[in-house]
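Report on the following structure.
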């Protein structure tokens, strides 16, 4: 069965009151971005509903996949649209829809009618009852039965400026449209966790940029390309991403040469946060985002997170903070980043990790160790900021 239109349902947006139009407009913007590679669609609003009408031939599966990546959508309903609202015509179209949509008619159903056009001469319950009778008359011998409590199929007819008929609701990702929750800077590595963190914060409407710390020759161009590929995969959900690539080698070498080796990871993380916060301020971001989870590694104990946070003035959001590794892996598999994340190209953190890193660092001790960098760190930081590479990431 060919569908030319989709009815898009949303959940949280519906409780936004007078500001709801802003969220609807942001959702439409994201839908246009997601559907652009699929074909030309007209997207319109009408009384708490959003419709996407295909203006040319398109691939149905690709369209559904694209819409399932748009935050803010709770349901995607492929619909049949009829301009004629005469009841006899509606009856015929509904029966034809059921016959064409379902090869096997041995199921239970319920008809649900929503009469948004209050000028329509028949009440919703009356229309639903008459359509149910007509369907039974035509298809009961083939196994169709009514169940108003737990039907296998909920057949919905909405009478608006036109008549909309549908019986499928494909789940969307939920959340809030990207762009309605401000902007944040994601510290993106080549691992499993940070792409998931980017996905999760974007699901709450936050637009993201990303910072990646590259350490040639200790990390290869393949490691950098891996992060670019991860950013492209995240961008399928978040929209375009600006990726800041920072050459971190000289800073890491200075830390390695001058600071205690069991404190390497903590001190490196502190300078990463400083650099990411610099780019965040330049880009108008309001927070940093990391993929850290309490206790997962030595640098993610409560004490380590406290010491790392001390260098930041911006809030640091950690969407994965209470999740275990399998929870994070499950999300990475769902969003398509897992297979890329596990490619064996090391990032700069894993190259310089100590054999026995400190798990309960003290802030005063770390600050004392950092004083050993006083003769060089300002210049190295400035060079790192001035030599950033900016990559504009598109999902398609």
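In my numbering, the protein residues as written are 1049 to 1444.
For glycine and all other residues, C-beta sits at the position ideal for the given N, C-alpha and C.
Being a predicted model, the structure only gives us computed values, none of them experimental.
Problem set entry | For residue 1107 and residue 1422, the rounded distance between their alpha carbons | Sequence index remark: in the chain shown, residue 1422 carries index 374 (1-based). Sequence index remark: in the chain shown, residue 1107 carries index 59 (1-based). Those two C-alpha atoms are separated by around 60 Å.
For this session: Below 6 Å CB to CB, which residues in the same chain sit around residue 1449 once its five sequence neighbours on both sides are set aside?
Result: The shown model of the chain, from 1049 to 1444, leaves out residue 1449, and the question about it has no answer.
Exercise. Would a C-beta distance cut-off of 9 Å place residue 1325 and residue 1362 closer than the cut-off?
Worked result: Here residue 1325 is taken as the residue at index 277 of the chain shown, counted from 1. Here residue 1362 is taken as the residue at index 314 of the chain shown, counted from 1. Yes.
Exercise. Since residue 1135 is in the alpha helix (DSSP H), which residue starts that stretch and which ends it?
Worked result: In the chain shown, the residue the question calls residue 1135 occupies position 87. Unbroken alpha helix (DSSP H) run through residue 1135: 1135–1149.
Exercise. What separation, rounded to the nearest whole angstrom, lies between the Cα atoms of residue 1417 and residue 1308?
Worked result: As a working note, residue 1417 is residue 369 in the chain shown. As a working note, residue 1308 is residue 260 in the chain shown. Taking the straight line from one Cα to the other gives about 7 Å.
For this session: Might you give, ordered along the chain, the residues of its own chain that have their beta carbon closer than 7 Å to the beta carbon of residue 1414, omitting 5 neighbours on each side?
Result: Position 366 of the chain shown, counted from the first residue, corresponds to residue 1414. Taken in chain order, the residues that qualify are 1311, 1314, 1315 and 1355.
Exercise. So, residue 1232 versus residue 1334, is the Cβ gap smaller than 9 Å?
Worked result: Taking the chain shown and counting its residues from 1, the one referred to as residue 1232 is at position 184. Taking the chain shown and counting its residues from 1, the one referred to as residue 1334 is at position 286. Going by C-beta atoms, residue 1232 is nearer than 9 Å to residue 1334.
Exercise. Would you call residue 1114 buried or exposed, if buried means 16 or more other Cβ atoms sit within 10 Å of its Cβ?
Worked result: If you number the chain shown from 1, residue 1114 lands on position 66. By the neighbour-count rule (16 or more Cβ atoms within 10 Å), residue 1114 is buried.
Problem set entry | Whether residue 1139 touches residue 1203 by CB criterion (9 Å) | For the purposes of this step, residue 1139 is taken as residue 91 along the chain shown, with counting starting at 1. For the purposes of this step, residue 1203 is taken as residue 155 along the chain shown, with counting starting at 1. Not a contact, by the Cβ cut-off of 9 Å.
Problem set entry | Element boundaries [alpha helix (DSSP H), containing residue 1156] | Mapped onto the chain shown, residue 1156 falls at position 108. Not the alpha helix (DSSP H): residue 1156 falls in the beta strand (DSSP E), residues 1156–1163.
Exercise. If residue 1239 sits next to residue 1389, beta carbons under 8 Å apart, how far is it from one beta carbon to the other, in whole angstroms?
Worked result: Indexing the chain shown from 1 puts residue 1239 at position 191. Indexing the chain shown from 1 puts residue 1389 at position 341. At roughly 6 Å, the Cβ-Cβ gap stays under 8 Å, so residue 1239 and residue 1389 are in contact.
Problem set entry | Given residue 1303 as reference, the closest of 1318, 1216 and 1182 once Cα atoms are compared | Along the chain shown, one-based indexing puts residue 1303 at 255. For the residues 1318, 1216 and 1182, the minimum Cα distance to residue 1303 belongs to 1318.
Problem set entry | Three-state secondary structure (DSSP) of residue 1261 | Indexing the chain shown from 1 puts residue 1261 at position 213. Here residue 1261 sits in strand by DSSP.
Exercise. Hey, residue 1301 and residue 1359: beta-carbon distance below 9 Å or not?
Worked result: As a first step, residue 1301 is located in the chain shown; it is residue number 253 there, counting from the start. As a first step, residue 1359 is located in the chain shown; it is residue number 311 there, counting from the start. No, they are not a contact pair.
For this session: Excluding the 5 residues preceding and the 5 following residue 1205 in the sequence, name in chain order all residues of the same chain whose CB lies nearer than 8 Å to its CB.
Result: Indexing the chain shown from 1 puts residue 1205 at position 157. So the qualifying residues of the chain are 1138, 1142, 1159, 1160, 1161, 1162, 1175, 1176, 1179, 1211, 1212 and 1213.
Problem set entry | In DSSP terms, what residue 1125 is bridged to | In the chain shown, counting from the first residue as 1, residue 1125 sits at position 77. According to DSSP, which records beta bridges pairwise, residue 1125 is partnered with 1055.
Problem set entry | Whole-angstrom distance between residue 1406 and residue 1419, CA atom to CA atom | Counted from its first residue, the chain shown places residue 1419 at position 371. Counted from its first residue, the chain shown places residue 1406 at position 358. When rounded, the distance between both Cα atoms is 18 Å.
Exercise. Which parts of the segment 1157–1240 are runs of the alpha helix (DSSP H), unbroken and 4 residues or longer, counting only runs that do not cross its ends?
Worked result: 1172–1187
Exercise. Could you give the distance in angstroms between the alpha-carbon of residue 1128 and the alpha-carbon of residue 1079?
Worked result: Walking along the chain shown from the start, residue 1128 turns up at place 80. Walking along the chain shown from the start, residue 1079 turns up at place 31. Cα-Cα distance, rounded: 20 Å.
Exercise. Going by C-alpha distance, which of 1297, 1299, 1246 and 1266 is nearest residue 1291?
Worked result: Translated into the one-based positions of the chain shown, residue 1291 becomes position 243. Among 1297, 1299, 1246 and 1266, the Cα nearest to that of residue 1291 belongs to 1246.
Exercise. Would you call the segment 1277–1290 and the segment 1364–1380 in contact, with 3 or more CB pairs under 8 Å?
Worked result: no
Problem set entry | Residues sharing a beta bridge with residue 1323, DSSP | One-based indexing of the chain shown puts residue 1323 at position 275. Paired residues: none, contrary to the question.
Problem set entry | Helix, strand or coil at residue 1105 according to DSSP, with G and I counted as helix | On the chain shown, position 57 is the one that residue 1105 refers to. Coil at residue 1105, not helix or strand.
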